[in-house]
Amino acid sequence: MLVSIMSEISRSSTRLDQYVDRYAARTKGMTASEIRALFAVASRPEVVSLAGGMPNISGLPLDIVGRAIGDLIKTNGPTAMQYGSGQGTPELREQICEIMRMEGIDAHPDDVVVTVGSQQAVDLVTRIFIDPGDVIICEAPSYVGALGVFRAYQADIVHVEMDEHGLVPELLEQAIAATKAAGRTIKFLYTIPNFHNPAGVTLSAERRPEILRICREADILILEDNPYGLLGFDGPPHRALRADEAEGVIYLGSFSKTFAPGFRVGWALAPHAVREKLVLAQESATLCPPAFSQMAISAYLEQHDWQGQIKQFREMYRERRDAMISALEDMMPASVRWNVPDGGFYVWLTLPPGIDSKAMLPRAVTARVAYVPGTAFYADGFGTSSMRLSFCYPTPERIREGVRRLAGVLEQEMEL
Ligand code: PMP
Numbered sequence: 009m010l011v012s013i014m015s016e017i018s019r020s021s022t023r024l025d026q027y028v029d030r031y032a033a034r035t036k037g038m039t040a041s042e043i044r045a046l047f048a049v050a051s052r053p054e055v056v057s058l059a060g061g062m063p064n065i066s067g068l069p070l071d072i073v074g075r076a077i078g079d080l081i082k083t084n085g086p087t088a089m090q091y092g093s094g095q096g097t098p099e100l101r102e103q104i105c106e107i108m109r110m111e112g113i114d115a116h117p118d119d120v121v122v123t124v125g126s127q128q129a130v131d132l133v134t135r136i137f138i139d140p141g142d143v144i145i146c147e148a149p150s151y152v153g154a155l156g157v158f159r160a161y162q163a164d165i166v167h168v169e170m171d172e173h174g175l176v177p178e179l180l181e182q183a184i185a186a187t188k189a190a191g192r193t194i195k196f197l198y199t200i201p202n203f204h205n206p207a208g209v210t211l212s213a214e215r216r217p218e219i220l221r222i223c224r225e226a227d228i229l230i231l232e233d234n235p236y237g238l239l240g241f242d243g244p245p246h247r248a249l250r251a252d253e254a255e256g257v258i259y260l261g262s263f264s265k266t267f268a269p270g271f272r273v274g275w276a277l278a279p280h281a282v283r284e285k286l287v288l289a290q291e292s293a294t295l296c297p298p299a300f301s302q303m304a305i306s307a308y309l310e311q312h313d314w315q316g317q318i319k320q321f322r323e324m325y326r327e328r329r330d331a332m333i334s335a336l337e338d339m340m341p342a343s344v345r346w347n348v349p350d351g352g353f354y355v356w357l358t359l360p361p362g363i364d365s366k367a368m369l370p371r372a373v374t375a376r377v378a379y380v381p382g383t384a385f386y387a388d389g390f391g392t393s394s395m396r397l398s399f400c401y402p403t404p405e406r407i408r409e410g411v412r413r414l415a416g417v418l419e420q421e422m423e424l
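Position one of the sequence shown corresponds to residue 9 (our numbering), numbered consecutively onward.
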């Protein structure tokens with residue numbers, strides 16, 4: 009099996025590209041990592057994949073969704089199948105404002121721009137702010153999909169460390185000062201305050217005003233990416249950064265984890281002037297976000313107990329988190345460390361020095377378990393001795409089996 013994995017990787021990375029001299033400079037930043045090829049192998053049924061961050065939508069009431077879509081076609085089909093507004097449908101924007109109140113944000117529907125997933129919102133924000141060589145400050149580690157966008161727009165990434173309470177304010181201050189002293193332009197801080205992907209940590213309530221103050225004083229916008237905010241395992245949702253500073257914060261939300269990613273609907277809340285630019289950027293990218301998806305989501309939110317559904321998702325993910333943590337406690341070698349996330353999908357593992365999680369991945373896949381090596385979440389090659397494990401998709405039994413296989417591979421690795 010290892011041989012076939014390696015040949016799959018080399019096939020994808022050595023294929024000659026006859027157009028290579030014609031691409032724009034920015035296209036050089038778009039590279040498919042060899043991990044991608046490993047993922048194709050990791051999706052085989054015999055492999056326990058702790059790699060992907062796919063939401064587990066098996067609990068969705070498909071009959072109710074189907075009925076809502078059927079009614080939509082009967083009552084509003086021609087509108088749902090037409091082009092729509094570049095900013096999104098007024099009804100969905102109003103419903104988004106209602107959802108935002110759960111995180112303390114008092115938004116007006118005019119503040120909302122609907123996007124094709126929050127991934128497109130990351131792209132649009134980057135497009136309107138970044139010139140090549142501008143700096144974006146990101147947590148260390150950070151979301152691989154955002155790093156890909158930032159790279160494609162030729163931004164330079166400055167990483168700032170987190171601890172178990174999230175981004176460390178003093179280190180943020182130091183990084184801003186050092187970057188400015190080097191004559192560089194910082195355009196924004198990209199942060200995932202809740203149930204971080206990939207680190208699993210949450211920014212503490214005490215640090216939130218600190219981060220806002222530091223960015224306000226340094227005149228740096230905050231891009232607050234919060235797709236997991238309603239998927240906390242204990243207590244009410246955390247108060248958003250934007251709740252306390254609407255002018256300095258662009259907030260990104262998504263229906264991908266609380267409903268279904270297949271509709272590809274997310275949103276941005278932005279200060280008025282930025283929102284206008286985002287709508288123009290949206291219109292040039294897609295003309296408009298899909299009317300059908302937006303109207304289907306509106307119908308779902310109206311006709312279904314969506315809050316009850318999110319509660320069910322939270323309970324399912326909590327059970328899977330518990331399964332992963334207890335399996336790690338029971339089976340991992342003593343020198344491996346991890347955090348216990350209060351929500352979301354991910355656990356971050358720190359391995360003993362000297363273990364290279366990327367080099368180990370083919371051996372893990374041969375042992376029928378997959379993860380994402382830590383280096384994927386850094387722009388600068390760090391993260392060698394760490395990895396992200398996802399507990400969102402496999403059943404608790406499969407998670408336990410996956411951790412058992414991974415522990416076996418790690419033990420062998422430590423003996424080498
Ligand atoms: N931000 C983060 C932190 C994510 O984890 C994801 C999805 N994995 C996204 C943005 C994009 O989500 P979507 O486009 O489906 O809304």
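Backbone N, C-alpha and C fix where the C-beta goes; we use that ideal spot for every residue, glycine too.
Simplified DSSP assignment, three categories, for residue i
| i | result |
| --- | --- |
| Ile435 | The displayed coordinates of the chain run from 9 to 424. Any statement about residue 435 would go beyond what the structure contains. |
| Leu357 | strand |
| His280 | helix |
| Arg30 | coil |
| Ile17 | Because Ile17 sits at a pLDDT of 49, beneath the cut-off of 50, its placement in the model cannot be relied upon, and the following sentence gives the value as read from the coordinates. In this structure, Ile17 counts as helix in the three-state DSSP scheme. |
| Ala378 | strand |
| Arg109 | helix |
| Asp164 | strand |
| Val11 | Annotation note: pLDDT 47 at Val11 (below 50); position unreliable, no value reported. |
| Arg247 | coil |
| Gly351 | strand |
| Ile363 | coil |
| Gln95 | coil |
| Val8 | Past the edges of the chain, shown from 9 to 424, lies residue 8, and the structure says nothing about it. |
| Phe390 | coil |
| Glu253 | coil |
| Gly131 | Inspection of the sequence shows that residue 131 is occupied by Asp rather than by Gly. In this structure, Asp131 counts as helix in the three-state DSSP scheme. |
| Met368 | helix |
| Ser292 | helix |
| Ala50 | helix |
| Thr187 | helix |
| Pro63 | coil |
| Ile138 | coil |
| Leu180 | helix |
| Asn24 | Residue identity differs from the one stated: residue 24 is Leu in this sequence, not Asn. Reduced to three states, the DSSP call for Leu24 is coil. |
Limits of the alpha helix (DSSP H) - the one that residue i falls within
| i | result |
| --- | --- |
| Glu405 | Pro404 to Glu423 |
| Lys195 | That residue, Lys195, is in no alpha helix (DSSP H); its beta strand (DSSP E) goes Ile194 to Thr199. |
| Ser398 | It is not in any alpha helix (DSSP H) - Ser398 instead sits in the beta strand (DSSP E) that spans Ser394 to Ser398. |
| Val2 | Coverage of the chain is limited to positions 9 through 424, which leaves residue 2 absent and any answer about it impossible. |
| Pro217 | Arg215 to Ala226 |
| Ile318 | Trp314 to Met339 |
| Phe300 | Ala299 to Gln311 |
Proximity to residue i [Cα-Cα], best of the options
| i | options | result |
| --- | --- | --- |
| Phe241 | Gly174, Glu337, Arg75 and Gly208 | Gly208 |
| Ile136 | Val124, Phe158 and Gly125 | Phe158 |
| Val143 | Met422, Val166, Thr134 and Asp131 | Val166 |
| Asn84 | Gly316, Thr392, Phe300 and Arg345 | Phe300 |
| Thr383 | Leu357, Cys400 and Thr374 | Leu357 |
| Ser398 | Ile230, Val377 and Gly274 | Val377 |
| Gly416 | Ala281, Thr134 and Arg371 | Arg371 |
| Phe47 | Cys400, Glu423, Pro381 and Met422 | Pro381 |
| Ile305 | Arg44, Ser57 and Arg75 | Arg75 |
| Leu70 | Glu232, Gln317, Leu414 and Arg413 | Gln317 |
| Gln103 | Ala40, Ala307, Leu249 and Gly125 | Ala307 |
| Glu253 | Pro53, Arg283, Pro217 and Ile65 | Pro217 |
| Phe385 | Val55, Leu239 and Lys366 | Lys366 |
| Arg328 | Ala342, Pro349 and Val344 | Pro349 |
| Val411 | Asp330, Pro361 and Asp364 | Asp330 |
| Val273 | Thr35, Phe390, Asn202 and Val120 | Val120 |
| Arg408 | Ser393, Met332 and Ala342 | Met332 |
| Phe60 | Pro117, Val344, Gly67 and Met395 | Per the sequence shown, the amino acid found at residue 60 is Gly instead of Phe. The shortest Cα separation from Gly60 among Pro117, Val344, Gly67 and Met395 belongs to Met395. |
| Ser343 | Pro360, Leu336 and Phe353 | Pro360 |
| Tyr198 | Lys82, Leu175 and Cys105 | Leu175 |
Which residues DSSP lists as bridging residue i, in chain order
| i | result |
| --- | --- |
| Met170 | Leu175 |
| Glu232 | Thr199 and Tyr259 |
| Pro149 | None; Pro149 has no bridge partner. |
| Trp275 | Val122 and Gly261 |
| Val56 | Val377 |
| Ile144 | Ile165 and Phe196 |
| Gly240 | Gly351 |
| Arg345 | Thr358 |
Chain B contact for residue i (CB, 8 Å cutoff)
| i | result |
| --- | --- |
| Gln127 | The question asks about chain B, but that chain is absent: this structure has only one protein chain. |
- For review: beta carbons within less than 6 Å of any heavy atom in the ligand PMP: The answer, residue by residue, is Gly61, Gly125, Ser126, Gln127, Tyr151, Gly153, Ile200, Asn205, Asp233, Pro235, Ser262, Ser264, Pro269 and Gly274.
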